[in-house]
Amino acid sequence: MNVLEVLVVVVPSLYMGWTIGADDAGAAMGSAVGAGVRTMRQAVTLIAVFTTMGAVLEGHKVVKTLGKGVVQAHLDPIAAGATVLVAAAWYHLAVMLGVPVSTTQATVGSIAGVGCALGLPVNWSKFGQIAVGWFLSPILAMIPAYFVSRRLRAVLEKGKWPLAEIERKIGWLLTISGCYVAYTIGANNAANAVAPIVMTGLLDVRSAAIVGGIMIAVGALTAGSKVIETVGRKITRLDPVTAFSAELSAAIVTHGASELGIPISINETTAGAVIGVGLSRGELNTHTLKKIFTTWIASPVGSFVMSYALMRLYLSVRGAAVP
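Each residue of the sequence shown is one higher than the one before, starting from 5 at the first, in the working numbering.
What follows is the structure, given as structure tokens:
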């Protein structure tokens, strides 16, 4: 593999990792910063540390699934580069439109689309297992978030503890749950960036996971503050109690999926947890829910179609036999 081919794979992968850090990992500490529990510098530092830790210790499990489990063959550099480029392009298109989207769904859909376009064996059984995980993860996060939120609120309403003591304890719980979310992002989402590197054989699974974790950390450190500011002070309506309930539930489900090697969406899981705490308070924005549910369906389908079309065009221009 020459230098140009390496760059075609590595540069989009590194960029995707940076984007995940800037847009997804930064949200882990939004609630803590918004509540005044942690400063911005403390938040991005904690995110960088724990996303890297998650990728180093457990990221290889999901990298293996995306790198070798969906398309059971090595991809050439152009195909691998197209996979991550389409996923990143889809993600940024959604961001520009102000629509929440999952990088995990975009990555899996893109990998499957490239595999089909090249006539490679696609493990549809594995794809189906992953899709089931996407469906179940928000539900599994919703249930504990609902009960944890109700229980905490019931305890607080009894007024057994002074308000200052409650805020201090909730503040530390928010920090801990935020670190846990950051850890699970590294463990589960590093694969979205570096799966193409594994698919071309440039790096082994564990080394690629470490690279992905580092790039997520760099994204959080250099650009994560904007997302933290938005989540913590501009758009979120979660108070410390509900924020902690949602973060903890989402992190537990994402961590469990990472243990099983199943790539899921931290955005979907968090949304499910937020729905749970919303139900516990009798407050749900149905318009927002419809918008989120639509993107959950459109993301894997759209990235599949885009990557498939791009690879067919590439084969046609190159004059290669179209499978």
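Note that beta-carbon positions come from the ideal geometry of N, C-alpha and C, so glycine has one too.
These numbers come from a predicted model, not from an experiment.
Does DSSP classify residue i as helix, strand or coil?
i: Arg322; result: helix
i: Thr43; result: coil
i: Gly34; result: helix
i: Asn193; result: helix
i: Gly63; result: helix
i: Glu9; result: helix
i: Gly205; result: coil
i: Asp80; result: coil
i: Asp27; result: helix
i: Ser330; result: Residue coverage of the chain in this structure runs from 5 to 327, which leaves residue 330 outside it and unanswerable.
i: Gly286; result: coil
i: Lys162; result: coil
i: Leu140; result: helix
i: Gly21; result: helix
i: Thr240; result: The pLDDT assigned to Thr240 is 45, lower than 50, so where the model puts this residue is not dependable, and the model offers no usable value.
Going by C-alpha distance, which of the options is nearest residue i?
i: Trp300; options: Gly205, Ser141 and Glu62; result: Ser141
i: Ser2; options: Ala36, Ala83 and Ala92; result: In the structure displayed, the chain extends from 5 to 327; residue 2 sits before or after that span and is not available.
i: Ala213; options: Lys173, Gly190, Leu8 and Leu283; result: Gly190
i: Val14; options: Gly40, Leu50, Leu206 and Lys162; result: Leu206
i: Ile4; options: Ala121, Phe297 and Ser253; result: Given a span of 5 to 327 for the chain in the structure shown, any question on residue 4 remains unanswerable.
i: Gly222; options: Ala26, Ser17, Asn6 and Val7; result: It should be noted that the sequence gives Val, not Gly, for residue 222. Minimum Cα distance to Val222 is reached at Ala26.
i: Asn271; options: Arg210, Ser229 and Glu251; result: Glu251
i: Ala195; options: Ile174, Lys173, Met219 and Met44; result: Met219
i: Tyr318; options: Leu50, Asp80 and Thr49; result: Asp80
i: Ile4; options: Val257, Arg157 and Ile170; result: This structure cannot settle anything about residue 4, because the visible part of the chain is limited to 5 through 327.
i: Thr23; options: Asn192, Tyr187, Arg157 and Thr107; result: Thr107
i: Ala116; options: Ser311, Ala52, Pro16 and Val245; result: Ser311
i: Asp28; options: Asn289, Val309, Ser269 and Ala302; result: Ser269
i: Leu293; options: Ile279, Ser303, Val215 and Pro304; result: Ile279
i: Glu161; options: Arg210, Val126, Val245 and Tyr184; result: Val245
i: Ser229; options: Thr290, Ala36 and Glu263; result: Ala36
i: Ile296; options: Gly276, Ala313 and Val309; result: Gly276
i: His259; options: Leu177, Cys183 and Glu169; result: Cys183
i: Thr274; options: Val7, Ser320 and Gly34; result: Gly34
i: Phe54; options: Ile266, Asn289, Arg316 and Asn192; result: Asn192
i: Ser17; options: Ala186, Gly217 and Thr298; result: Gly217
i: Phe151; options: Val90, Phe248 and Ile232; result: Phe248
i: Thr298; options: Val67, Phe139, Ile82 and Glu62; result: Phe139
i: Gly175; options: Gly40, Leu314, Gly21 and Thr226; result: Gly40
i: Val305; options: Thr226, Thr290, Val112 and Ser262; result: Val112
i: Ile82; options: Leu177, Thr204, Ala302 and Ile170; result: Thr204
i: Ala186; options: Ala32, Val7 and Gly119; result: Ala32
i: Thr87; options: Val281, Leu97, Ile170 and Val12; result: Val12
- Which full runs of the alpha helix (DSSP H) of 4+ residues lie inside the stretch 243-281, going along the chain? Counting only runs of at least 4 residues, the stretch 243-281 fully encloses the following alpha helix (DSSP H) elements, listed from N- to C-terminal order: 244-263.
- Item | the stretch 57-64 contacting the stretch 125-138, beta-carbon criterion three pairs below 8 Å | No, they do not touch.
- Query: Three or more C-beta pairs closer than 8 Å, one from the stretch 270-290 and one from the stretch 153-161: is that the case here?
  - Reply: Touching, yes, given that three or more Cβ pairs across the two stretches are closer than 8 Å.
- Message: Does the contact criterion of 3 or more C-beta pairs under 8 Å hold for the stretch 48-55 versus the stretch 109-123?
- Response: Flag = no, the stretch 48-55 and the stretch 109-123 do not touch.
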